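Take the sequence shown: its letters are residues 3 to 333, numbered as in our numbering. Note that beta-carbon positions come from the ideal geometry of N, C-alpha and C, so glycine has one too. All values reported here derive from a predicted model rather than from experimental measurement.
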Amino acid sequence: MVRVSTRHQRPLNEAREEMRTVIVTGGNRGVGLATARNLAGRGYDLILVCRDEERGEVALHSLHSPHNRGNHRLVVADLASLDSVRAAAETIGETGAPITALVNNAACLPRKRGTSADGFELQLAVTHLGHFLLTNLLLPRLRGAPTPSRVVTVASAAHSGPPFNFRDPNFERRRYRRRRAYQQSKLANVLFTLGLARRVAGTGVQAVVLHPGVYDTGLLRDYMGRFPGGGMAARVGTTRAEKAGPVVAELAVGRREEDLNGVYFHKNVRAEPSAAARDREAQERLWSWSAAVTGLQAPKADGDAASPSVRSGGSGVRNTALADAPELPLG
Ligand SMILES: NC(=O)c1ccc[n+]([C@@H]2O[C@H](COP(=O)([O-])OP(=O)(O)OC[C@H]3O[C@@H](n4cnc5c(N)ncnc54)[C@H](OP(=O)(O)O)[C@@H]3O)[C@@H](O)[C@H]2O)c1
Numbered sequence: 003m004v005r006v007s008t009r010h011q012r013p014l015n016e017a018r019e020e021m022r023t024v025i026v027t028g029g030n031r032g033v034g035l036a037t038a039r040n041l042a043g044r045g046y047d048l049i050l051v052c053r054d055e056e057r058g059e060v061a062l063h064s065l066h067s068p069h070n071r072g073n074h075r076l077v078v079a080d081l082a083s084l085d086s087v088r089a090a091a092e093t094i095g096e097t098g099a100p101i102t103a104l105v106n107n108a109a110c111l112p113r114k115r116g117t118s119a120d121g122f123e124l125q126l127a128v129t130h131l132g133h134f135l136l137t138n139l140l141l142p143r144l145r146g147a148p149t150p151s152r153v154v155t156v157a158s159a160a161h162s163g164p165p166f167n168f169r170d171p172n173f174e175r176r177r178y179r180r181r182r183a184y185q186q187s188k189l190a191n192v193l194f195t196l197g198l199a200r201r202v203a204g205t206g207v208q209a210v211v212l213h214p215g216v217y218d219t220g221l222l223r224d225y226m227g228r229f230p231g232g233g234m235a236a237r238v239g240t241t242r243a244e245k246a247g248p249v250v251a252e253l254a255v256g257r258r259e260e261d262l263n264g265v266y267f268h269k270n271v272r273a274e275p276s277a278a279a280r281d282r283e284a285q286e287r288l289w290s291w292s293a294a295v296t297g298l299q300a301p302k303a304d305g306d307a308a309s310p311s312v313r314s315g316g317s318g319v320r321n322t323a324l325a326d327a328p329e330l331p332l333g
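Below, the structure written as structure tokens:
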């Protein structure tokens, strides 16, 4: 077990000035932007990780107000590219800022099956693999924060359902259904967080995962689709995305007196994730697979046909070999 540095035990007010930076992926709209705005209002510096420079700049600009001129930054990165994620982590590392929290928020819900730059099903790539790699690469910076830092992953109540399909994580052997792929990617968010929680226990990092609530965003509209007559709003109501800000921000920088490591929240209430998400073997299996295909871990054995050709850059990693392997190490 890693020893807890005494630096983590300094009084909060003393450390407060030194830890002010929060990273939000997909921070240019919806839940991510609402979270960033709330955090900016609390005096934190934001690093927005966005895939589109123009949209990111607009969002960045909107964080400033006459009363709040935080040191906000934009890092342009596509979470659907492992190379891009690596470059983003390097750029963030160069800022030297101790990170108070990383909010893994970005997600997508394409109607038709898409693939990432590295050949993974797009939802799994953006929602899980990109965040898995980013989090792991930033862990040294998170551990370096003067008070406990948090990795907050925005999952969804939609993670409930069937277990993660390790035989076909990329929807290559079964028909792609976007809501099914969304469920799997959100389940991956929860499995990842619970696996991460075990790994960071006692290091000054807390891994938290939540269903943020239901808000009228682009992604919700994609999820609900078009309904004849009433439309999406009539089915789920129209809670403005802005209302998500305090919910996510509070888990990122608030409730300091609580140890939130390994906790699943339904909005701001502790809750139990689905049975499939609580499956420890699945958590470890997903961790092993993700580490291998993102290049975090060396291939298993020389000449092992089931081992992926992992390169340090991550790009070009072929993912199906491991996905096909029925037994994965739980290390
Ligand atoms: N809205 C809800 O009711 C609800 C409910 C439960 C959970 N959630 C969760 O809340 C989170 C935010 O969703 P939202 O509702 O706010 O959706 P949204 O408004 O559609 O925002 C999604 C964000 O993810 C970004 N993104 C998509 N693909 C990306 C990529 N390849 N690289 C980098 N960024 C990418 C988008 O960037 P672009 O603008 O460039 O597309 C956008 O900023 C998601 O994890 C979602 O599952 C939402």
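Between GLY132 and VAL87, the C-beta gap is smaller than 8 Å, which places the two residues in contact. DSSP places LEU84 inside the alpha helix (DSSP H), whose first and last residues are 84 to 97. According to the DSSP assignment, ASP224 belongs to the alpha helix (DSSP H) that extends over 220 to 226. With 16 or more other Cβ atoms inside 10 Å of its own Cβ, ALA108 counts as buried.
Check the Cα spacing between TYR184 and each of GLU56, LYS114, ALA147 and LEU139: the tightest is with LYS114. If one requires a minimum length of 4 residues, the alpha helix (DSSP H) runs lying completely within the region 50 to 85 are 55 to 65, in chain order.
With fewer than 16 other Cβ atoms inside 10 Å of its own Cβ, THR240 counts as exposed. Taking a C-beta distance under 8 Å as the contact criterion, LEU189 and PHE166 qualify as a contact pair. Excluding sequence positions up to five before and after TYR266, its CB lies within less than 6 Å of the CB of VAL211, ALA273 and PRO275, all in the same chain and listed in chain order. Between the C-alpha atoms of VAL33 and VAL51 there is a straight-line separation of about 14 Å. Your pair ASP120 and SER83 checks out as a contact, with CB atoms roughly 7 Å apart and the cut at 8 Å. By the criterion of a C-beta distance shorter than 7 Å, ARG179 is surrounded by no residue of its chain, once the five residues flanking it on both sides are discounted.
Distance check between ASN30 and each of VAL154, ALA127 and ARG39 places ARG39 closest, using alpha-carbon atoms only. In this structure, the beta-carbon distance from GLY264 to LEU196 falls below 8 Å. The straight-line gap separating the alpha-carbon atoms of GLY297 and PRO68 is approximately 44 Å.
Note: ALA246 is not bridge-paired with any residue in the DSSP secondary-structure output.
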